[in-house]
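Novice: Per the UniProt record's numbering, numbering of the sequence shown is gapless, rising by one per residue and ending at 624. Cβ atoms here follow ideal geometry from the backbone N, Cα and C, with glycine treated the same way.
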Amino acid sequence: MSDTERQAKDAASTGTGYRVLARKYRPKDFTDLMVGQEPMVRTLTNAFETGRIAQAYMLTGVRGVGKTTTARILARALNYKTAAVDRPTIDLREPGDHCQAIMEGRHVDVIEMDAASHTGIDDIREIIEQVRYRPVSARYKVYIIDEVHMLSTAAFNGLLKTLEEPPEHVKFIFATTEIRKVPITVLSRCQRFDLRRISASDLVGLFTTIADKEGIEAEPEALAMIARAAEGSARDGLSLLDQAIAHGSGFVAADAVRAMLGLADRARIVDLFGHVVKGDVSAALAEFNSQYEAGANPVVVLTDLADFTHLVTRLKYVPDAADDPSLSEIERTKAAEFAQGVAVTALSRIWQMLLKGITETENAARTAGAAEMVLIRLAHAAHLPAPEDAARRLAEFSEGNGGSRPVSSPNGGNGGGAVSYQGNAMARAVETPAPRPTPSAPVAMLRAVPNTQPDSQPLGRIEPKPAEAPKPLVPINSMADIAELASQKRDPKLKALVRTFVRPVKLESGRLDVSLTSGAPGTLLNELAVKLKEWTGIHWIVSLSREEGQPTLVEAEANAQKQRVADARQDPDVAAILAQFPGAKIIDVRVRAPETEDEEAAAAPPAAAESVDGDILPGDDIEF
């Protein structure tokens, strides 16, 4: 007879209550706490061995990770006493004089208080009045306050002074699930320990050990389902295991756990994912309806689909994640296959659509219908090109047509016209009807209509013809030409922006690649493209480059001026003047063209050009 059957028989015969697994297997010492909480145990171990015991501790974490249990074990370690050991220690393998009473919550010197039901200043005032008295039998008087974030502001303020300077025989241990609601003044007076979520692999190991002790047969897949449903909480997982044992009459089977939790078969979730990424709407809906008729919750199906999408994405970058024992064999193998064949952009799109779809399904009156609509959108999106691919194709097609023809959007499946903006000119793009793509052969076609074709004429596919690069009305060879053109067109604002923020990377007819300095307006590139098209008569593509580029015009002029000043200092006459007049300094160096009666010579600035290169020539003005 197993332990469970024996306990059930004893409970039925004696009338005593059954102890649930979460209470029966609650950790009793730090060795049991090593499951998932190794950093905290290591810190407390070193603190106790060196005698650096804090006056107050703050334990935080999600529900069921062991905050209250840790507080009791800590109180037991502080008051540990045996015939051979009479000091605080974390080695609790042998029960001490106070251990049993502390772990059962009935020791007179270990006071447990639930702050959810004792929130006022009067309850804290009672604690403040009692801390002056020494413990009755233990070494320390320990106050364990659970859900401490529920205390009122006045209660927190009343506790501050005692918490900062408590008597030597008093220790405080706080536990909370809402650490952000605890005032920083309280946190600064405590040693904080963040209890981590217990990993699914650790939970599976814990459940397996407990099932062996209870004499319960459990399928590994069933324990993995319970571990995933527990979401890092040992108490929640043990409660579900208790329920599964009762549901299966002592045998924990995967099918029974799946039915109990309202889950879909993980293998069927993998099949549903495969239909979605292939774009097979009918197969995806058929698989979903089959799972729904079997009792699966539509919201849970979409959530499991999102979890599998996350697993596939994660395996693309962390292949070792497939070794997680909570994963079934089909999840492990199929996820690895999908990770090799599905692009990250597609996985990211599925993930975003599922996040939105899960919320819609939860709030819908008909959850099954809402889930089906989500699957239809997912399967339809499998035919669409990635946003970056569509943008690249549109850019290539636009360049091939000289930038004068609008391009239809591949997403215009509703028969309406899409709108494309290039150089601040709006063109209407009409989509040519195309055969409906099959799931196995997604088709993405780009079709365009020239501006000269009337709407009444039939639409046909236009092949881009190679054309010579158009010649601008005004030659543009440098950023200085653009600034000068802006000055001629009486646009001082654009001229100032170009001179100050634009660093040229590549410049050719109809294309300008630049990088921008900090503080550049967000609309600068679009405005520059519009103006260049208006002033030169050709279409311009102005793009932002990742390269640093050459200096801006303002930076180039500043560098040239610094060079002229440095060259002036090297001139013998200037150096003599500076030596003759202590305190004198060069303020500015101006370049002046030499006077000549020849108009052509006067128009050309050879002296200025040579002066910029470095040497100080006759005719240069130097200000001191």
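Between Ala576, Ala138 and Glu147, which lies nearest to glycine 118 when the distance is taken from Cα to Cα?
Specialist: Here residue 118 turns out to be histidine, not glycine, going by the sequence shown. Cα-wise, what sits closest to histidine 118 is Glu147.
Novice: For the alpha helix (DSSP H) containing glutamate 372, name the first residue and the last one.
Specialist: Here the alpha helix (DSSP H) through glutamate 372 covers 367 to 381.
Novice: Over the uninterrupted alpha helix (DSSP H) stretch that includes glutamate 527, give me the two end residues.
Specialist: Counting along the chain, the alpha helix (DSSP H) containing glutamate 527 begins and ends at 524 to 536.
Novice: Could you check what DSSP says for residue 649 in three-state terms: helix, strand or coil?
Specialist: This structure leaves residue 649 out entirely; the chain is present only between 1 and 624.
Novice: Which term fits valine 318, buried or exposed, when burial requires 16 or more other beta carbons within 10 angstroms of its beta carbon?
Specialist: Valine 318 comes out exposed.
Novice: Quick check: the stretch 342 to 359 against the stretch 247 to 262, are there 3 or more CB pairs under 8 Å?
Specialist: At 8 Å Cβ cutoff, the stretches do not touch.
Novice: In terms of alpha-carbon separation, which member of Leu44, Met58 and Glu547 lies closest to arginine 52?
Specialist: Nearest option by C-alpha distance: Leu44.
Novice: Please classify arginine 87: is it buried, with 16 or more other beta-carbons within 10 angstroms of its beta-carbon, or exposed?
Specialist: Counting Cβ neighbours within 10 Å, arginine 87 comes out exposed, since fewer than 16 surround it.
Novice: By Cβ distance below 6 Å, which residues in the same chain neighbour aspartate 97 in space, the five residues on each side in sequence not counted?
Specialist: Once the five neighbours on either side are set aside, the close Cβ partners of aspartate 97 are Lys81.
Novice: Let's test the definition: count the other Cβ atoms within 10 Å of the Cβ of aspartate 109 and tell me whether it reaches 16, buried, or not, exposed.
Specialist: Buried is the call here.
Novice: Check each candidate in Leu160, Ala529 and Val62 and name the one with the smallest Cα separation from glycine 232.
Specialist: The option with the nearest alpha carbon to glycine 232 is Val62.
Novice: Counting only the same chain and skipping the five closest in sequence on each side, list residues whose C-beta sits under 6 Å from that of valine 20.
Specialist: Excluding positions up to five away in sequence, the list reads Asp242.
Novice: Rounded to whole angstroms, what's the CA-CA distance from alanine 54 to proline 27? Just pull it up for me.
Specialist: Taking the straight line joining both Cα atoms gives about 22 Å.
Novice: Decide if threonine 333 is buried, meaning its Cβ has at least 16 other Cβ atoms within 10 Å, or exposed.
Specialist: It is exposed - the Cβ of threonine 333 has fewer than 16 other Cβ atoms within 10 Å.
Novice: Which one of Leu532, Gly205 and Ser518 has the shortest CA to CA distance from serine 487?
Specialist: Nearest of Leu532, Gly205 and Ser518 to serine 487, Cα basis: Leu532.
Novice: Looking at the secondary structure, which residues open and close the beta strand (DSSP E) in which serine 545 lies?
Specialist: Taken as a continuous stretch (DSSP letters only), serine 545 belongs to no beta strand (DSSP E), as it is neither H nor E.
Novice: In this structure, what does DSSP give as the bridge partners for arginine 503?
Specialist: Arginine 503 pairs with Ser515.
Novice: So methionine 113 is in the alpha helix (DSSP H); what residue range does that whole segment cover?
Specialist: Methionine 113 -> not in any alpha helix (DSSP H); beta strand (DSSP E) instead, spanning 110 to 114.
Novice: How would you call histidine 275, buried or exposed, if buried means at least 16 neighbouring beta carbons within 10 angstroms?
Specialist: Buried, since its Cβ has 16 or more Cβ neighbours within 10 Å.
Novice: Can you tell me whether DSSP reads tyrosine 18 as helix, strand or coil?
Specialist: Correct three-state label for tyrosine 18: coil.
Novice: Taking the alpha carbon of alanine 483 as the reference point, which residue from Arg499, Leu384, Glu548 and Val542 has its own alpha carbon closest?
Specialist: The candidate whose alpha carbon is nearest that of alanine 483 is Arg499.
Novice: Using 10 angstroms around the beta-carbon of isoleucine 476, count the other beta-carbons present and answer buried if the total reaches 16, otherwise exposed.
Specialist: So isoleucine 476 ends up on the buried side.
Novice: What span of residues does the alpha helix (DSSP H) with isoleucine 173 cover, start to end?
Specialist: Where isoleucine 173 is concerned, there is no enclosing alpha helix (DSSP H), although the beta strand (DSSP E) it sits in stretches over 170 to 176.
Novice: Counting only the same chain and skipping the five closest in sequence on each side, list residues whose C-beta sits under 8 Å from that of alanine 322.
Specialist: Counting only Cβ-Cβ distances below 8 Å, and skipping sequence neighbours, we find Leu315, Arg332, Ala335 and Ala336.
Novice: Tell me whether the beta-carbon of phenylalanine 501 lies closer than 8 Å to the beta-carbon of leucine 485.
Specialist: No; because the gap between Cβ atoms is not below 8 Å, this pair is not in contact.
Novice: Over the uninterrupted beta strand (DSSP E) stretch that includes phenylalanine 48, give me the two end residues.
Specialist: No beta strand (DSSP E) contains phenylalanine 48, which is instead part of the alpha helix (DSSP H) from 38 to 50.
Novice: When you compare the stretch 532 to 548 with the stretch 505 to 516, are there three or more beta-carbon pairs, one atom per stretch, that lie closer than 8 Å?
Specialist: Output reads yes: the stretch 505 to 516 touches the stretch 532 to 548.
Novice: Quick check: the stretch 214 to 233 against the stretch 175 to 188, are there 3 or more CB pairs under 8 Å?
Specialist: Result no; under three Cβ-Cβ pairs closer than 8 Å.
Novice: Quick one: using the 10 Å Cβ neighbour count with 16 as the cut-off for buried, is residue 625 buried or exposed?
Specialist: Nothing can be reported for residue 625: it is not among the residues displayed for the chain, which extend from 1 to 624.
Novice: Pick helix, strand or coil for valine 270, following the three-state DSSP scheme.
Specialist: Three-state result, valine 270: helix.
Novice: Can you tell which of Ala47, Gln340 and Arg93 has its C-alpha closest to the C-alpha of aspartate 32?
Specialist: Ranking Ala47, Gln340 and Arg93 by Cα distance to aspartate 32 puts Arg93 first.
Novice: On the CB-based measure, 16 or more other CB atoms within 10 Å of its CB, does arginine 23 come out buried or exposed?
Specialist: Label assigned to arginine 23: exposed.
Novice: Suppose you measure from the CA of valine 545 to the CA of asparagine 297; what does that come to, to the nearest Å?
Specialist: According to the sequence provided, residue 545 is serine. The question's valine does not apply to it. If I take the Cα positions, the gap works out to 49 Å.
Novice: Alanine 346: which of His310, Glu360, Asp320 and Ala370 sits nearest, CA to CA?
Specialist: The option with the nearest alpha carbon to alanine 346 is His310.
Novice: Indicate whether the contact test is met: 3 or more Cβ pairs, each with one atom in the stretch 171 to 181 and one in the stretch 291 to 305, closer than 8 Å.
Specialist: Segments in contact, no.
Novice: May I have the straight-line CA-CA distance separating alanine 138 from valine 41, to the nearest angstrom?
Specialist: Using only the alpha carbons, I get a separation of about 23 Å.
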